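Just so we're on the same page, the numbering used here is the position in the sequence shown counted from 1, plus 870.
Beta carbons are placed, not taken as given, at the ideal position from N, Cα and C, and that holds for glycine.
Quantities reported herein were computed from a predicted structural model and do not represent experimental measurements.
Shown next, in structure tokens, is the structure this report addresses.
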Amino acid sequence: MKIAAGALAGLLAAAPGLAAGQPVIAGSPETVFDWAAARCETWDIPDTPARAWRTPSGRVRLVAGSERSRIAEGLSLATLRHGCRVAYEGGERDDPAAYDDRAWIAATWAEGTRVIALAHVEYHGHLRPGRCPAGDYMACWRNAILELVSEDGGQTFTRRGLVAALPYPYPEGAGKRAGYFSPSNIFRRGDYLYVYVFAEATGAQKRGACLLRRPVGGGPGDWRAWDGAGFTRAFADPYRQAISDPGAHVCEPVPGIRSTISSVVEDGRSGRFLAVTPATLEDTDGVRRSGIWWTQSANLIDWARPRLLLAVPLLWRRDCGAEAAYAYPSFLDGDGPSANLDVVEGGFWLYLVRMPLGEDCSVGPKRDLLRYPVSLPDGWDRP
């Protein structure tokens, strides 16, 4: 994506707090998915960060998954049309050992006509009498990550197998939400595919963002988690494996990141990685602000202090005086060289979901997917 130098200079002059040496929002948002006009059913909503890929024929497909994930398609990111065919949905099975209740397509990786995906899978114990004594949505929520595959370019997906689950059977640990959540996009470095997942503290598992990888040609059982020194940790299925040491089957969060890493892209000029996270953090002036933050890394483990990209009220720290809450940021560059739109060169897009707040501070199905132009200046501030 190209941004005129004059337009960027004008933006920086009008906003003294912005530095020319860092990514900046370079224009007004555009609507990608208008729920009022494009929905296929009431709860056809953008409910995960947007992921996109380019097919061998040059068309672009995008998913911002919900419980019934659907695909948008067009000649480019600017011409997408939302389709009503369901690409994947969970089976709503009562057995927690099935890992098949509600499922969201949350991450994708395309190579030719094959598309690998990771699903964020929620088990809702509060809907199953007797499964969770607490009977509360958050207290009875257990999460896992599944690998899916599509052989038709990402139009439909089937499950391949379990990637990450806690080494404790349900409802052990119930009383708060537990498990592995919200995969980032899948991205490649060398001979491996990488992804971040967010872990809640449960038993031997610490809270934070965990980095996983597997060989490019591998499968769901080949993902290994960072242990603090290398990628040695294999997750275990407590329903199908005897687990004597749960601590050997959990991940070590990367340092310095306390929130979900929603998206990672590579700067094609420097080879460094940029990540985006929704958070409420202390800004450089000492004031805590809610919004979308970016950070950078050379090795995917050590991340710089996050910097604010866009100040907005967030879904999970809701400002009930605001008109809307925002969630699920991602970076995409439809003009870059990558089929997975994850290599940026100068300008790219921040995708973000906007949810109007009701009088009682609730959010309903009305949710729109927006995108903001972002400029990454030549010689941007990197160590």
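Cβ distance (whole Å) where residue i is taken to contact residue j below 8 Å
i	j	result
Ala987	Ser946	That pair is no contact at about 22 Å.
Val1033	Asp1061	Actually they are not in contact, since the Cβ atoms of Val1033 and Asp1061 sit about 18 Å apart, beyond 8 Å.
Ala1095	Leu1082	5 Å
Ala967	Gly1024	No, Ala967 and Gly1024 are not in contact; Cβ-Cβ is about 29 Å, not under 8 Å.
Residues near residue i in its chain [Cβ-Cβ closer than 7 Å; skip 5 each side]
i	result
Ala977	Arg921, Ala987, Leu988, Pro1053, Ser1054, Asn1055, Ile1056 and Val1065
Gly1234	Gly1228
Gly1206	Gly1138, Val1213, Val1214 and Glu1215
Leu1239	Val902, Phe903, Pro916, Ala920, Ala934, Tyr1221 and Val1223
Ala1071	Arg1077
Arg951	Ala942, Glu943 and Gly944
Per-residue burial, residue i [other beta carbons within 10 Å of its own, 16 or more giving buried]
i	result
Gln1166	buried
Cys1190	exposed
Thr918	buried
Asp1022	exposed
Pro1243	buried
Ala1099	exposed
Gln1111	exposed
Trp913	exposed
Asp1230	exposed
Cys910	exposed
Thr1328	Limits of the chain in this structure are 871 at one end and 1253 at the other, which puts residue 1328 out of reach.
Asn1210	buried
Asp1172	exposed
Leu1035	As written in the sequence, residue 1035 is Ala, which differs from the Leu given in the question. Answer is buried; the Cβ neighbour count reaches 16.
Ala1044	buried
Gly1161	buried
Glu1136	buried
Ser1133	buried
Asp970	buried
Thr1154	exposed
Cys1080	buried
Arg1158	exposed
N- and C-terminal bounds of the alpha helix (DSSP H) containing residue i
i	result
Ala906	Trp905 to Ala908
Boundaries (first-last residue) of the beta strand (DSSP E) holding residue i
i	result
Ile941	Arg938 to Gly944
Gly1031	Thr1028 to Ala1034
Arg1001	No beta strand (DSSP E) holds Arg1001; DSSP gives it neither H nor E.
Ile1015	Trp1011 to Ser1020
Asp1137	Ser1133 to Asp1137
Met1225	Gly1217 to Pro1226
Arg839	Lying before the first or after the last residue shown, residue 839 is absent from the chain, which here runs from 871 to 1253.
Arg1058	Phe1057 to Arg1059
Gly1089	No beta strand (DSSP E) contains Gly1089, which DSSP labels as neither H nor E.
Trp1096	Arg1094 to Trp1096
Arg924	Arg921 to Arg924
His1119	Segment: none, His1119 is in no beta strand (DSSP E) and carries neither H nor E.
6 Å Cβ shell around residue i - same chain, five flanking residues per side excluded
i	result
Leu1185	Ala1195 and Ala1197
Arg998	Asp964
Ala1149	Ser1129 and Trp1163
Arg1241	Glu900, Val902, Trp1219 and Tyr1221
Proximity test, Cβ basis, 9 Å: residue i and chain C
i	result
Pro919	Among the chains of the structure shown, chain C does not appear; only one protein chain is present.
Sequence-distant residues of the same chain with beta carbon closer than 8 Å to residue i, five excluded per side
i	result
Glu937	Trp913, Asp917, Glu959, Gly960, Arg972, Ala973 and Trp974
Arg929	Glu943, Gly944 and Leu945
Gly1089	Glu1017, Arg1030 and Gly1031
Arg1103	Arg1094, Ala1095, Trp1096, Asp1097, Ala1118, His1119, Val1120, Cys1121 and Glu1122
Could you tell me whether the segment 1173-1180 touches the segment 1205-1219, where touching means 3 or more Cβ pairs closer than 8 Å? No, the segment 1173-1180 is not in contact with the segment 1205-1219.
Is the segment 1003-1017 in contact with the segment 932-948, if contact means three or more CB pairs nearer than 8 Å? no
Cβ contact (3+ pairs, closer than 8 Å) linking the segment 1067-1078 and the segment 1117-1133: Of all C-beta pairs linking the segment 1067-1078 to the segment 1117-1133, three or more are shorter than 8 Å, placing the two stretches in contact.
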